[in-house]
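A.B. asks: Respectively, the protein sequence lines represent chains A and B. Numbers 1 to 260, taken from the UniProt record's numbering, label the letters of the first sequence in order. Numbers 1 to 360, taken from the UniProt record's numbering, label the letters of the second sequence in order. Before anything else, here's the structure in question.
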Amino acid sequence: MSIEPLLTARGLVKRYGRVTALNQADFDLYPGEILAVIGDNGAGKSSLIKAISGAVTPDEGEIRLDGKPVQFRSPIEARAAGIETVYQNLALSPALSIADNMFLGREIRKPGFMGKWLRMLDRAAMEKRARDKLSELGLMTIQNIGQAVETLSGGQRQGVAVARAAAFGSKMIILDEPTAALGVKESRRVLELILDVKRRGLPIVLISHNMPHVFEVADRIHIHRLGRRLCVIDPKQYTMSDAVAFMTGAKTPPEELIAA
Amino acid sequence: MTDAPANAARPQEFETVLSGSDKTVANFDTQTRTPVEKVQHFLHSNPAAVPLIVLIASLVVFAVLVGGKFFSAFSMTLILQQVAIVGVIGAAQTLVVLTAGIDLSVGAIMVLSSVVMGQFTFRYGLPPVLSILCGFGVGALCGWINGTLVARVKLPPFIVTLGMWQIILATNFLYSANETIRSQDIEAQAPILQLFGDTFKVGNAVFTYGVIAMVLLVLLLWYVLNHTAWGRHVYAIGDDPAAAELAGVRVKHTLVSVYVIAGLICSLGGWLLIGRIGSVSPTAGQFANIESITAVVIGGISLFGGRGSILGMLFGALIVGVFSLGLRLIGTDPQWTYLLIGTLIIVAVAVDQWIRKVAG
């Protein structure tokens, strides 16, 4: 490909005691694409994603964002660089409202004296932006944005988490198993949401075990095996059983893919 | 699994029926609720409502049973005076409990601060104002040690503050040599130490500055908890610290600040304590930690963190005050007060559990 990757990782190594979770792993994400990451349990998908999202710091290796080397020591630093992650557990606070959750850690304060000296939050502005974002993503008709997140269904919570990422992610969004806990209909909405975010030009990293979902939305599929990138395949040229075979080691991918 | 070639963005075959499905799924639930559910929802979104209702009900009951002697401006303000210290210490406890912690050392920090305020003035001859600042410094230091052990060393708050309770109390006795500073001496040489014991009258109502300070403190913390980012972070940490961390809250930093602020509030409590008892006594305020936890629990603040309102804590403290005074005026054995308060604690937690089911 001639276009420059948005984010590249080379030779990432992460060890936990005597377990090597990442063994010289590489990763590339191109602008505007949906890249699926698949792999068996224990292949190191989560460690790879955590290294990119700042939740863990790799022992070795280099990550470059827009060609510049970056080192994230926390998710907050990765977010500041424009990388938003929707974690599998969603990272929402159940007792707080939808708006409070969307702005957690980056609250808007009132202008002027109230905000500067009394540190008062601008609830109205936050609620308006939260409502706009949710309806812009066609996610839900909001009756009460001040509603506690714990009163929402699983799909609605997922929607809030994705909307939060889409609202603040300026470079890329990482989605960890976004459809794992959802029913058929809610999964469909989330997939539509993913395509919608892609249409806005944001590249997405999608981690999933659901092969039909992966093959439906992904532009490229990164297959992770034994702590490293085994190959990257085009979902239009390979079948789901090929992907599963590569992933589990039943088949060896062709040489040219390994080089890619 | 059949291997159909992948079609970008075309629904799976089994999903095609979804076009005919009910589209209302994403709506927020607006079904009609039974009256009980409505009550449950109301209480869920207004955590201070239960203690307020109980407070009003107990006021009415005692007003009927005892009559005008109880339901007078004088008695009402007497209750306020009696709960001022519990209210202040309860405010500190509220902050810690909201983060899903507990602080058993609040009473000890209060007493040590009051001893420092007194001894620094009388033993070292420091200006009283400076001694008071030193007292606040000691409170903040104790809180910082608590917070660091909880947030950075990751010890359970119960254990940390159980240990610190003993350590601070022992320090207090060792440092003060079990010596009380007499009220007359303070009045003559450092009246500012007794500032919060000073009273003023509005008709028959008698207020101390301590009462005013307590109410202002609770209102201030209510504002901070509900209308600043720091306050929202306190709730988020109590709810789910891992989620808060991933969402971008500086969990450790915020936790340490919670314990430091709790320590500072306990020092304020120590200052109030001098005003309340007149003297500086290292043996005062023995039960402040238990009383503050009682106020917090009756006030509907969840010991599991993240839920409740500081106003509830104030109502909880007032409920205890109303029961104590009301039962004393009726002339019963004071043990009845403890029996009823004990019952109330258990009922309050049961009600809390019921309200939380709304989330399920």
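Idealized CB from N, CA, C, for every residue including glycine.
List the endpoints of the continuous alpha helix (DSSP H) containing residue 44 of chain B.
C.D. replies: The residue given as residue 44 of chain B occupies position 44 in the second sequence. Run containing residue 44 of chain B: 35 to 45, per the alpha helix (DSSP H) assignment.
A.B. asks: For the structure I just gave you, are there three or more beta carbon pairs, one from the segment 51 to 66 of chain A and one from the segment 235 to 244 of chain A, closer than 8 angstroms?
C.D. replies: No: the two stretches stay apart, fewer than three of their Cβ pairs being nearer than 8 angstroms.
A.B. asks: Touching or not, the segment 270 to 286 of chain B and the segment 176 to 186 of chain B, by the rule of three or more beta carbon pairs under 8 angstroms?
C.D. replies: Contact holds: three or more Cβ-Cβ distances are below 8 angstroms.
A.B. asks: Answer yes or no: does any C-beta atom of chain A fall closer than 8 angstroms to that of residue 96 of chain B?
C.D. replies: Position 96 of the second sequence holds residue 96 of chain B. Not one chain A Cβ lies under 8 angstroms of residue 96 of chain B.
A.B. asks: Taking the continuous alpha helix (DSSP H) assigned at residue 245 of chain B, which residues delimit it?
C.D. replies: If you number the second sequence from 1, residue 245 of chain B lands on position 245. Taken as a continuous stretch (DSSP letters only), the alpha helix (DSSP H) holding residue 245 of chain B covers 241 to 247.
A.B. asks: Apply the 10 Å Cβ neighbour rule to residue 222 of chain B and answer buried if 16 or more other Cβ atoms are within range, or exposed otherwise.
C.D. replies: Position 222 of the second sequence holds residue 222 of chain B. Classification of residue 222 of chain B: buried, given that the 10 Å Cβ count is 16 or more.
A.B. asks: Report the partner residues of residue 172 of chain A according to the DSSP bridge assignment.
C.D. replies: Here the question's residue 172 of chain A lines up with position 172 in the first sequence. DSSP output for residue 172 of chain A lists A/83 as bridge partner(s).
A.B. asks: Which term fits residue 119 of chain B, buried or exposed, when burial requires 16 or more other beta carbons within 10 angstroms of its beta carbon?
C.D. replies: Numbered from 1 along the second sequence, position 119 holds the residue referred to as residue 119 of chain B. By the neighbour-count criterion, in which a residue is buried when 16 or more other Cβ atoms sit within 10 angstroms of its Cβ, residue 119 of chain B is buried.
A.B. asks: Output, in chain order, the set of chain B residues within a Cβ distance shorter than 8 angstroms of residue 93 of chain A.
C.D. replies: Taking the first residue of the first sequence as 1, we reach residue 93 of chain A at position 93. 235, 236, 239, 240, 243, 244, 247 and 306, listed in chain order.
A.B. asks: Could you tell me the distance, in whole angstroms, from the CA atom of residue 54 of chain B to the CA atom of residue 70 of chain B?
C.D. replies: Along the second sequence, one-based indexing puts residue 54 of chain B at 54. Along the second sequence, one-based indexing puts residue 70 of chain B at 70. The alpha-carbon atoms of residue 54 of chain B and residue 70 of chain B are separated by roughly 17 angstroms.
A.B. asks: Exposed or buried, what is residue 50 of chain A when buried is set at 16 or more other beta-carbons lying within 10 Å of its beta-carbon?
C.D. replies: On the first sequence, position 50 is the one that residue 50 of chain A refers to. Buried, since its Cβ has 16 or more Cβ neighbours within 10 Å.
A.B. asks: Hey, does residue 89 of chain A have any beta-carbon neighbour from chain B nearer than 8 angstroms?
C.D. replies: For the purposes of this step, residue 89 of chain A is taken as the residue at position 89 of the first sequence. Yes, its Cβ sits closer than 8 angstroms to a Cβ of chain B.
A.B. asks: So does the segment 235 to 251 of chain B actually touch the segment 88 to 107 of chain A, counting three or more Cβ pairs closer than 8 angstroms?
C.D. replies: Short answer: they touch.
A.B. asks: Using CA coordinates, which residue listed in B/94, B/38, B/145 and B/126 is at the minimum distance from residue 189 of chain B?
C.D. replies: The residue given as residue 189 of chain B occupies position 189 in the second sequence. For residue 189 of chain B, the nearest C-alpha among the options comes from B/126.
A.B. asks: Using a C-beta cutoff of 8 angstroms, does residue 232 of chain B count as contacting chain A?
C.D. replies: In the second sequence, residue 232 of chain B corresponds to position 232, counting from 1. Yes, residue 232 of chain B counts as interfacial toward chain A.
A.B. asks: Helix, strand or coil for residue 267 of chain B per DSSP?
C.D. replies: As a working note, residue 267 of chain B is residue 267 in the second sequence. Reduced to three states, the DSSP call for residue 267 of chain B is helix.
A.B. asks: Spatial neighbours of residue 134 of chain B within its chain, please: CB distance less than 8 angstroms, with the 5 preceding and 5 following residues excluded, ordered by chain position.
C.D. replies: In the second sequence, residue 134 of chain B corresponds to position 134, counting from 1. For residue 134 of chain B, where only same-chain residues beyond five positions count, the Cβ hits under 8 angstroms are 116, 117, 120 and 126.
A.B. asks: What residue does the alpha helix (DSSP H) around residue 177 of chain A start on, and which one ends it?
C.D. replies: Stepping through the first sequence from its first residue, residue 177 of chain A is reached at position 177. It is not in any alpha helix (DSSP H) - residue 177 of chain A carries neither H nor E in the DSSP assignment.
A.B. asks: Identify whether residue 302 of chain B lies in helix, strand or coil by the three-state DSSP scheme.
C.D. replies: For this step, residue 302 of chain B is matched to residue 302 along the second sequence. Annotated three-state conformation of residue 302 of chain B is coil, per DSSP.
A.B. asks: When the cut-off is 8 angstroms and only beta carbons count, does residue 227 of chain B lie next to chain A?
C.D. replies: Taking the second sequence and counting its residues from 1, one reaches residue 227 of chain B at position 227. Closer than 8 angstroms: yes.
A.B. asks: Kindly list, in the order they appear in chain B, the residues whose Cβ is closer than 9 angstroms to that of residue 226 of chain A.
C.D. replies: Numbered from its first residue, the first sequence carries residue 226 of chain A at position 226. Per Cβ cutoff of 9 angstroms: no residues; residue 226 of chain A is ~23 angstroms from chain B at best.
A.B. asks: Which of the three DSSP states is assigned to residue 223 of chain B in this structure?
C.D. replies: As a first step, residue 223 of chain B must be located in the second sequence, where it is residue number 223. Correct three-state label for residue 223 of chain B: helix.
A.B. asks: Rounded to the nearest angstrom, what separates residue 112 of chain A and residue 167 of chain A at their Cα positions?
C.D. replies: Looking up residue 112 of chain A in the first sequence gives position 112. Looking up residue 167 of chain A in the first sequence gives position 167. Using only the alpha carbons, I get a separation of about 25 angstroms.
A.B. asks: Starting from residue 352 of chain B, trace the alpha helix (DSSP H) in both directions and tell me its first and last residue.
C.D. replies: Translated into the one-based positions of the second sequence, residue 352 of chain B becomes position 352. Run containing residue 352 of chain B: 335 to 356, per the alpha helix (DSSP H) assignment.
A.B. asks: At a Cβ threshold of 8 angstroms, is residue 173 of chain A touching chain B?
C.D. replies: Within the first sequence, the letter at position 173 stands for residue 173 of chain A. No Cβ of chain B is located within less than 8 angstroms of the beta carbon of residue 173 of chain A.
A.B. asks: Let me know if residue 3 of chain A comes out buried or exposed under the rule of 16 or more other beta-carbons within 10 Å of its beta-carbon.
C.D. replies: Locating residue 3 of chain A in the first sequence gives position 3, where the first residue counts as 1. With fewer than 16 Cβ atoms within 10 Å of its Cβ, residue 3 of chain A is classed as exposed.
A.B. asks: Note down, in chain order, each residue of its chain lying with its Cβ closer than 6 angstroms to the Cβ of residue 155 of chain A, except the 5 sequence neighbours on either side.
C.D. replies: One-based indexing of the first sequence puts residue 155 of chain A at position 155. Same-chain partners within the cutoff: 182 and 186.
A.B. asks: Taking DSSP's pairing of strands, which residues face residue 199 of chain B in a bridge?
C.D. replies: Position 199 of the second sequence holds residue 199 of chain B. BP columns for residue 199 of chain B point to B/208.
A.B. asks: Helix, strand or coil: which one does DSSP assign to residue 209 of chain A?
C.D. replies: As a working mapping, residue 209 of chain A is identified with position 209 in the first sequence. It is coil, neither helix nor strand.
A.B. asks: If you draw a straight line from the C-alpha of residue 105 of chain B to the C-alpha of residue 268 of chain B, how long is it?
C.D. replies: In the second sequence, counting from the first residue as 1, residue 105 of chain B sits at position 105. In the second sequence, counting from the first residue as 1, residue 268 of chain B sits at position 268. Answer to the nearest angstrom: the Cα atoms are 15 angstroms apart.
A.B. asks: Are there three or more Cβ pairs, one per stretch, closer than 8 angstroms when the segment 133 to 149 of chain B is compared with the segment 309 to 321 of chain B?
C.D. replies: no
A.B. asks: Does the structure place the segment 33 to 48 of chain A close enough to the segment 213 to 228 of chain A that three or more beta carbon pairs sit under 8 angstroms?
C.D. replies: yes
A.B. asks: Answer with yes or no whether the minimum CB distance from residue 79 of chain A to chain B is below 8 angstroms.
C.D. replies: For the purposes of this step, residue 79 of chain A is taken as residue 79 along the first sequence, with counting starting at 1. Closer than 8 angstroms: yes.
A.B. asks: I want to know whether the segment 139 to 153 of chain B touches the segment 207 to 226 of chain B - three or more CB-CB distances under 8 angstroms.
C.D. replies: No contact exists between the segment 139 to 153 of chain B and the segment 207 to 226 of chain B.
A.B. asks: Quick one: residues in its chain with C-beta nearer than 8 angstroms to the C-beta of residue 23 of chain A, no 5 flanking neighbours on either side, listed in chain order?
C.D. replies: As a working mapping, residue 23 of chain A is identified with position 23 in the first sequence. For residue 23 of chain A, where only same-chain residues beyond five positions count, the Cβ hits under 8 angstroms are 13, 44, 226, 227 and 228.
A.B. asks: Can you tell which of B/52, B/217, B/255 and B/114 has the C-alpha that lies nearest to the C-alpha of residue 278 of chain B?
C.D. replies: As a first step, residue 278 of chain B must be located in the second sequence, where it is residue number 278. Cα-wise, what sits closest to residue 278 of chain B is B/114.
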